[in-house]
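Going by UniProt numbering, the first residue of the sequence shown is number 1, and it counts up by one from there.
Here a beta-carbon is modelled for each residue, glycine too, at the ideal position from N, C-alpha and C.
Structure first, commentary second.
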Amino acid sequence: MSPHGNLQVSPWIIIILQYCNVAKELQQRTIPPPPPPGAGGLVSSLRPPTEQKGNTNNKSGARASTERCSKGTSVGQMKLKPLHWDKVIANADHSMVWNEIIDGSLRFDDEQIETLFGYTNSNCQIPRENELSSNISSSSPASTAQIFILEPRKSQNKAIVLKSLAISRKEILDSLLEGQGLTTDILEKLARIAPTQEEEAKILQFIDNPSKLADAESFLYHILKAVPSAFLRINAMLFRSNYDAEILHLKESLQTLEMGCQALRTRGLFLKLLEAILKAGNRMNAGTSRGNAQGFNLTALRKLSDIKSTDGKTTLLHFLVEQVARSEGKRHVLKRNRSLDRNDSQGRRNSDLNSDTLAAAEREKEYVLLGLQEMGGLRIEFSNVKKAATIEYDSFINTCSSLTSCVTEIQLLIACCSNGEEDGFVREMKGFLEECEEELHIVAEEQTRILELVKRTTEYYQAGDCKHDRLDLQLFVIVRDFLDMVDQVCVDISQKIQKKNLALAANSGSASPPLLPIRAPLKFPDFRIHLISDSSRTPSSSESDDNF
1 MSPHGNLQVS
11 PWIIIILQYC
21 NVAKELQQRT
31 IPPPPPPGAG
41 GLVSSLRPPT
51 EQKGNTNNKS
61 GARASTERCS
71 KGTSVGQMKL
81 KPLHWDKVIA
91 NADHSMVWNE
101 IIDGSLRFDD
111 EQIETLFGYT
121 NSNCQIPREN
131 ELSSNISSSS
141 PASTAQIFIL
151 EPRKSQNKAI
161 VLKSLAISRK
171 EILDSLLEGQ
181 GLTTDILEKL
191 ARIAPTQEEE
201 AKILQFIDNP
211 SKLADAESFL
221 YHILKAVPSA
231 FLRINAMLFR
241 SNYDAEILHL
251 KESLQTLEMG
261 CQALRTRGLF
271 LKLLEAILKA
281 GNRMNAGTSR
291 GNAQGFNLTA
301 LRKLSDIKST
311 DGKTTLLHFL
321 VEQVARSEGK
331 RHVLKRNRSL
341 DRNDSQGRRN
351 SDLNSDTLAA
361 AEREKEYVLL
371 GLQEMGGLRI
381 EFSNVKKAAT
391 IEYDSFINTC
401 SSLTSCVTEI
411 QLLIACCSNG
421 EEDGFVREMK
431 GFLEECEEEL
441 HIVAEEQTRI
451 LELVKRTTEY
461 YQAGDCKHDR
471 LDLQLFVIVR
481 DFLDMVDQVC
491 VDISQKIQKK
501 NLALAANSGS
511 ASPPLLPIRA
521 PLKFPDFRIH
531 LISDSSRTPS
541 SSESDDNF
């Protein structure tokens, strides 16, 4: 037990302290004692200097360096790696852990600590003759550092971009004066390193030797001195390089929207699906404020798959798609039969669908399969509707005005550059802008017409729902999502029929029993969709829903 209490000292603390004490002692030993006064001092001063030949000094210096590395800072000693810490001042007022350490209670091998933590010979390199000469030359004044006008990190980033151009400064200047000769990739990189107006002013005000400038500043200095409107020209040339692709994309978007509107105006399977949904919704919402509706908000189409039957085995969307598919398949068969009846010989070779012996359930199954094939054509019929749903509204609506604004800016640039003699850039841009102005005027008129068509189509489906222009394109998104759901339902129904067919065929042998047996009608929960009620609807129209 220590005289100051029961505090136990960790052996690691003792080891660390011993290590530091040894290091301190070794460092103190590195200072050799001064020679006794008069011991060889006069004799050495009277001794004539020895003759030096060649690089004797260099060799002796290298030899001395080798000896220092092998022996440390003095003979028999080695310099140890330092242990950085903050020293604690002893406190006489209270006991501390350091008071428990007894000098000499723990010792370790000095040679081992030198081996483990001493500087090795690899850290002490023997200077070569050329290194010595370089050290001598390094004592001369260092070369002047590069001058940065921009923020250093920003200047470095611009310099990296410039090194990736693989084109000379002269070629860039020639292209800026001629208005051609630079690829889109180079123009984009040059546009990225464009300085701000404040930075440009500082660079142009530089009056010292330009060779002292850093790489980025030097490039900007020479470019702006030769062509003050250099980066305005770069932006103009980049605009011309990208113009064809941008105007083509805009024209394609306008064409897609127009064809999408035409598809939504056709009377086909999509309209029959809406009719089936409306009748089912009125049947399910009978007796409520949502019943007796003449139409409904198309956002309800996304909810049809969420309404499940009471037994949980199907959804309202599956039920309606199957009903419409059966109706379409039956219509297709009747139409084909009428066509075949005109030719008796061909009618005799008709399929089993015309046979009286074919089971009614089997015919129903064939009707559904044929109807599903018909409904598969919706993805082709409404392909432009799906493409229109992918159009980004802000980009579409602003492209034409943005292109027109860029043309105006380039016209102002040309007016400033056309002082007397015109260079190649001005001539190139004048011809380009004349074509742009005429084309953009036509496209702007076409865009106005298409947007009006989209608005009328939206009102055709959802009257009074066009309070904001942004809602116009939502119609295509809603229809696309609904058709994707219908496609998946068609796949589900087809797979269900095939599985039943295989299972029943396996149970009955060769016979293939009906796949859609007669079953009790499914009951669905309340169809809670926002239907557009029509108080003027007559009772007779409501009664006609019973025939669905």
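Beta-carbon gap between residue i and residue j smaller than 8 Å
| i | j | result |
| --- | --- | --- |
| Tyr-221 | Pro-228 | no |
| Arg-233 | Phe-425 | yes |
| Gly-329 | Leu-269 | no |
| Gly-371 | Val-324 | yes |
| residue 559 | Leu-440 | Outside the shown range of the chain (1 to 548) lies residue 559, about which nothing can therefore be said. |
| Ala-293 | Asn-235 | no |
| Leu-403 | Glu-252 | no |
| Glu-434 | Gly-179 | no |
| Arg-326 | Glu-364 | yes |
Contacts around residue i, its chain only, beta-carbon distance under 7 Å, and the 5 residues preceding and following it disregarded
| i | result |
| --- | --- |
| Ser-139 | Any reading at Ser-139 must be qualified, since the residue scores a pLDDT of 39, below 50, and its modelled position is unreliable; the value itself is stated next. If we look at Ser-139 and ignore the five residues flanking it on each side, it has no Cβ neighbours. |
| Gln-125 | Per-residue confidence for Gln-125 stands at a pLDDT of 47, beneath the threshold of 50, marking its modelled position as unreliable; no derived number is given. |
| residue 565 | Past the boundaries of the shown model lies residue 565; the chain is included only from 1 to 548, so the question cannot be answered. |
| Leu-250 | Thr-399, Cys-400 and Val-443 |
| Gln-447 | Leu-254 and Cys-400 |
| residue 551 | With the chain covering only 1 through 548, there is no way to say anything about residue 551. |
| Cys-261 | Leu-453, Val-454 and Thr-457 |
| Ile-203 | Ile-149, Pro-195, Glu-217, Leu-220, Tyr-221 and Leu-224 |
| Lys-163 | none |
| Glu-322 | Val-368 and Ile-493 |
| Ala-276 | Leu-320, Gln-323 and Val-324 |
| Phe-432 | Arg-240 |
| Ile-167 | Ile-186 |
Supposed contact pair residue j and residue i - C-beta distance, whole angstroms, cut 8 Å
| i | j | result |
| --- | --- | --- |
| Val-443 | Cys-400 | 6 Å |
| Asn-297 | Gln-462 | 6 Å |
| Phe-219 | Arg-169 | 6 Å |
| Thr-310 | Asn-242 | Actually they do not touch by this definition, with Cβ atoms about 59 Å apart. |
| Phe-319 | Leu-483 | In fact, because the Cβ distance is near 18 Å, the residues do not count as touching under 8 Å. |
| Leu-264 | Val-479 | 7 Å |
| Leu-177 | Asp-481 | Not a contact, Cβ separation roughly 54 Å. |
| Ala-226 | Leu-182 | The Cβ separation is near 15 Å, so there is no contact. |
Other residues of its chain near residue i: CB distance less than 6 Å, five sequence neighbours each side excluded
| i | result |
| --- | --- |
| residue 576 | Given a span of 1 to 548 for the chain in the structure shown, any question on residue 576 remains unanswerable. |
| Gln-146 | Ala-214 |
| Gly-291 | Asn-282 and Asn-285 |
| Ala-159 | Asp-215 and Ala-216 |
| Ser-155 | Phe-148, Ala-214 and Ala-216 |
| Gly-376 | none |
| Asp-208 | none |
| Ser-175 | Gly-181 and Leu-182 |
| Leu-238 | Leu-187 and Ala-191 |
| Cys-417 | Val-426 |
Sequence-distant residues of its chain with Cβ nearer than 8 Å to residue i (five each side left out)
| i | result |
| --- | --- |
| Arg-302 | Ile-478, Asp-481, Phe-482 and Met-485 |
| Lys-59 | Unreliable positioning characterises Lys-59 in this predicted model, as indicated by a pLDDT of 46, which lies under 50. The coordinate reading is nonetheless provided below. Nothing listed; no residue qualifies. |
| Lys-272 | Val-324, Ser-327 and Glu-328 |
| Arg-379 | Lys-386, Leu-483 and Asp-487 |
Assess contact between the region 243-261 and the region 383-394, defined as three or more Cβ pairs (one per stretch) separated by less than 8 Å. Is contact present?
yes
Count the C-beta pairs between the region 212-221 and the region 407-418 that are closer than 8 Å, then say yes if the count reaches three, no if not.
In this structure the region 212-221 does not touch the region 407-418; the number of beta carbon pairs closer than 8 Å is below three.
Closer than 8 Å is the cut-off here; do at least three beta carbon pairs connect the region 148-164 with the region 190-205?
yes
At least 3 beta-carbon pairs within less than 8 Å: the region 483-501 vs the region 393-409
Result no; under three Cβ-Cβ pairs closer than 8 Å.
Write down every uninterrupted run of the beta strand (DSSP E) in the region 258-336 whose length is 3 residues or greater and which is fully enclosed by it, in chain order.
293-296
Complete alpha helix (DSSP H) runs within the region 210-238 (minimum length 4 residues, chain order):
215-226
Which full runs of the alpha helix (DSSP H) of 4+ residues lie inside the region 365-441, going along the chain?
You should have 378-381, 383-389 and 393-417.
Give, in chain order, every unbroken run of the alpha helix (DSSP H) that is at least 4 residues long and sits entirely within the region 146-204.
As far as the region 146-204 is concerned, its whole alpha helix (DSSP H) runs of at least 4 residues are 152-163, 169-178, 184-192 and 197-204.
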